[in-house]
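If you read the sequences in order, they're chains A and B. Residues 0 to 249 (numbering that gives the first Met the number 0) are what the first sequence spells out, left to right. Residues 0 to 332 (numbering that gives the first Met the number 0) are what the second sequence spells out, left to right. Notes to accompany the following structure.
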Amino acid sequence: MSTVLEVRDLKKSFGGIVAVDRVSFGVEEGEILGIIGPNGSGKSTLFNCILGQLQPTAGDVHLDGRPVTGMRPCDLNRLGVSRTFQLLQIFPQLTVRRNLILAGQEHQGTMLSRLVGRRDAGLSAAADRMLGFFRLGHLADEHAGDLSYGQQKLLDVAMAFMARPRLALLDEPAGGVNLTMLASLRERLKAINAEQGSTFVVIEHNMEFVMALASRILVLAEGRVIAQGDPAEVRRNPQVIEAYLGRGRS
Amino acid sequence: MRRSRSVLAGGVLALAAAFLVFAPLGLKPYGIFILSMWAVMTIAAIGLNLTLGYAGQISLAQAAFVGIGAYITAYLTTKGWPFWSTYLFGGASCFAIGWLLGYPALRVQHHYLAFVTLAFNTLVYLIFRNEEWLTGGIYGISNVPRPSVLGWSMNGAREFYYFCLAHLALVSAATWWLTRSPWGLAFVALRENPIRALSLGVDTRRYTLMAFALGAGLGGISGALYAPLVQFIDPTPFALGLSLNLLLMVVLGGSGYFFGPFLGAIVAVLLPEWLRFTQGFYLMGYAVLVMIMMAFSPGGLLGLADRLTRPAPRTGTGAVAGSPEAARSEGAG
C-alpha cells in the first residue's frame with residue numbers, strides 16, 4: 000500500500016491567530032481517515048490548505064510523493080483530488096444531471112477539444128449511473144434547487160465522485176442529513192471506497208457516522224493534532240474527551 | 000408541459016425569422032436602417048450576454064469594443080483595405096484587448112469590476128475624441144464604404160440589412176454552439192459558484208479571460224458592421240451611454256438566456272422608433288417599464304416567460320421553485 004496524501008508540518012496563520020499548527024499526517028491508498036475536533040479546531044482550514052484554496056504559511060503537501068503545496072484547486076482536481084465543502088455547494092439552477100456532467104467534463108480532453116469535439120463523450124451516461132448509485136435517478140431532469148436538502152447533499156457528494164477521484168476530501172458530508180439518509184450516505188461512501196478503491200479524508204461532527212465509516216481517526220484541537228488511532232482507541236483517549244467536554248471530565 | 004413549451008418556442012422563433020426575412024419588403028429605407036441597427040446592436044448584446052449573462056462578469060465597456068471595431072473598419076476601409084480584412088482585424092483586436100481587460104476580473108468582482116470596465120470605456124472614448132491624427136477627433140471619419148460580397152454590392156439599404164442579418168445568424172449559430180458546449184456549462188458554473196467550479200477542475204482564470212475576450216470580440220464584429228451601416232463615425236455613440244444601453248438590453252431581455260439580447264435590443268432599438276408618436280412620454284413609459292420589470296422579474300422578459308410557463312418540480316419539495324435562480328434554466332431561453 001502506498002501513501003496517497005502526505006501532510007508535513009502544515010501551518011496556517013491569520014495575523015496573530017494560528018489556525019493550523021504544524022500538522023503532519025499521511026493517508027494510505029484505500030484508507031478512510033476521519034478528522035474530528037471541536038468547532039474552531041482548524042479542520043476546514045486544514046482542508047483548504049491541502050486543496051490550494053488557502054496558501055499555507057509553512058509546511059508541505061505531497062500527493063503520491065509529488066509536492067503539490069499551493070497548487071490551484073482546479074489543477075489538483077485534474078490530478079484526481081476531489082472535495083466537498085462544509086456548506087452545500089451545488090448549482091441550483093442547473094438540472095441534477097447537468098450538475099454531474101459539469102463535475103466530470105473538465106477531465107476530458109483539452110479546453111479546445113471540449114469546445115469543438117464530441118459534446119457528450121459518455122458523460123450523460125456516466126452521470127445517470129452515478130445518479131442511480133446515489134438513488135437520485137428519478138430526479139435527473141429536475142433543477143437541483145428544487146430538491147430537498149438531503150437530496151441536495153447526496154448530489155453534492157455524488158459530484159465529488161463523478162470524475163472517479165483517487166483522493167476525496169469530504170467536509171461534513173453528514174451535516175444536516177436526516178437519520179434515514181445518513182445510513183444510505185454511509186453505505187454509498189463505503190461502497191465507493193470498496194469498488195473504486197478511492198481514498199477518503201472525512202471531516203465530521205457526527206461521531207456515530209464517522210466512527211462507523213473511518214478506519215482511522217485524527218483529532219485536532221486548537222490547530223494541533225492531539226490524538227490519532229483507530230476509532231475505539233480515540234474514543235477512550237483522555238485528551239480527546241477533555242477537548243470535547245472540558246478539563247476535569249476525563 | 001415541457002413539450003408544449005418547446006412547440007410554443009419553436010412557433011415564436013419561426014414567426015420571428017419570417018418577419019426578419021420579409022419585413023424589409025414593406026419598409027422604407029429608414030425603417031430598414033433601424034432594423035439593421037437592431038441586428039448590429041443585437042450582436043454586441045450577444046457578446047455582453049456571454050460575458051455577463053453566462054459567465055457573470057460585469058462589464059461596462061462593451062461600447063468601447065463596438066467603437067474599436069467601428070474605428071478600425073472605418074479607418075482601414077477608407078484607406079483602401081478590403082472590408083473582410085478589417086472586419087477580421089477588428090474582431091481579433093477586440094478579442095485580444097478583451098482578454099487583457101479580463102485580468103482585473105481575476106482580482107476584483109461586482110461593482111469594483113464595473114468601475115474598472117467603466118474607466119476603460121472612458122479611456123477609449125477619450126482616445127477616439129482626442130487623438131485626432133488617428134480617429135479624426137470630433138469630426139470623425141466619413142464616407143465609410145459598404146462592402147461587396149462575391150461582386151454583389153451591399154450599398155443599398157435592403158442589401159446591407161440582409162448582410163447584417165446574415166452576420167447575426169452566423170453569430171447566433173456560433174454562440175448557440177458555444178453555450179451548449181462544455182464551455183457554456185463552465186461559464187454558468189463560473190457565474191453561479193466559482194469556488195465549487197474551481198474544485199471541480201474548471202480553470203476559472205482561463206474561462207474568465209475567455210468570457211471577456213469572446214464578448215469583446217463580438218463587440219468588435221458589431222462595430223465592424225456599425226461603421227459601414229452609418230457610413231460616418233464619431234466618438235459620441237461609443238460613450239458610456241451605449242454601454243449602459245447594451246447592459247439594459249441584456250438585463251431587460253433576460254441575462255443568461257440565449258434569446259435575451261434579441262428581445263432586449265427590440266426594446267432598446269426598435270421600441271423608441273415605434274413609440275415616436277407618444278413624443279416625450281416614451282422615455283417616461285420606458286423608465287417605468289424598466290423599474291417594474293427589474294422589481295418583479297430580475298430575470299428579464301424571458302425570465303418572466305420562463306417562470307410563467309415552467310412546469311412544477313416533481314421532487315415534492317418545491318423549495319425554491321419559481322425563484323429567479325430556479326427560473327434561470329441553463330440559458331435555455
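Glycine residues also receive a C-beta, built at the ideal position from the N, C-alpha and C atoms.
Secondary structure at B:F82: helix, using DSSP grouped into helix, strand and coil. In chain order, L251, G252, G253, G299, L300, L301 place their CB closer than 8 Å to the CB of B:L262, counting only its own chain and leaving out the 5 sequence neighbours on each side. Listed by position along chain B, the residues whose Cβ is nearer than 9 Å to that of A:P172 form an empty set, because the closest Cβ is around 14 Å away. Beta-bridge partners assigned by DSSP to B:D202: none are found.
Spatial neighbours of A:E5 in its own chain (CB-CB distance under 7 Å, excluding positions within 5 residues in sequence) are listed in chain order as G25, H61. For B:F231, the CB contacts under 8 Å within the same chain, skipping 5 residues up- and downstream, are G139, I140, S141, N142, V143 in chain order. In this structure, the beta-carbon distance from B:G222 to B:T72 falls below 8 Å. Scanning chain B for C-beta atoms nearer than 7 Å to the C-beta of A:P72 yields L197, S198, reported in chain order.
Counting C-beta atoms within 10 angstroms of its own C-beta, B:M248 has 16 or more neighbours from the protein chains shown and is therefore classed as buried. Pairing A:P37 with A:A242 gives a Cβ-Cβ distance under 8 Å.
In the three-state DSSP reduction, A:K189 falls in the helix class (H, G or I). Burial state of B:Y29 is exposed, judged by a 10 Å Cβ sphere holding fewer than 16 other Cβ atoms. When the five nearest sequence neighbours on each side are left out, the beta carbons in the same chain lying within less than 8 Å of the beta carbon of B:L213 are those of G46, L49, T50, F94, G97, L177, in order along the chain.
Legend: CB atoms of the stretch 176–192 of chain B lying less than 8 Å from CB atoms of chain A belong to residues L177, R179, S180, P181, W182, L184, A185, V187, A188, E191, N192.
In the DSSP assignment, A:I31 falls outside any alpha helix (DSSP H) and within the unbroken beta strand (DSSP E) covering 31–35. Sixteen is the threshold: since fewer than 16 other Cβ atoms of the shown chains lie within 10 Å of the Cβ of A:E207, the residue is exposed. The alpha-carbon separation between A:L138 and A:V95 amounts to approximately 7 Å.
Neighbours of B:R106 in chain A, taken as residues at a C-beta separation under 7 Å, are lacking, since the least C-beta distance is about 15 Å. Among the residues of chain A, those whose CB is under 8 Å from the CB of B:T203 are C73, following chain order.
Residue contact check for A:I100 against chain B: a CB pair falls below 8 Å. In the structure shown, the three-state DSSP call for A:Q150 is helix. Just so you know, the alpha carbons of B:T77 and B:N154 end up roughly 15 Å apart. Going by beta carbons, A:M158 and B:L199 fall inside the 8 Å limit. Excluding its 5 nearest sequence neighbours in each direction, A:I100 has C-beta neighbours in its own chain below 7 Å: L122, S123, A126, listed in chain order. Contact of A:Q54 with chain B by beta-carbon distance below 9 Å is absent, the smallest such distance being about 14 Å.
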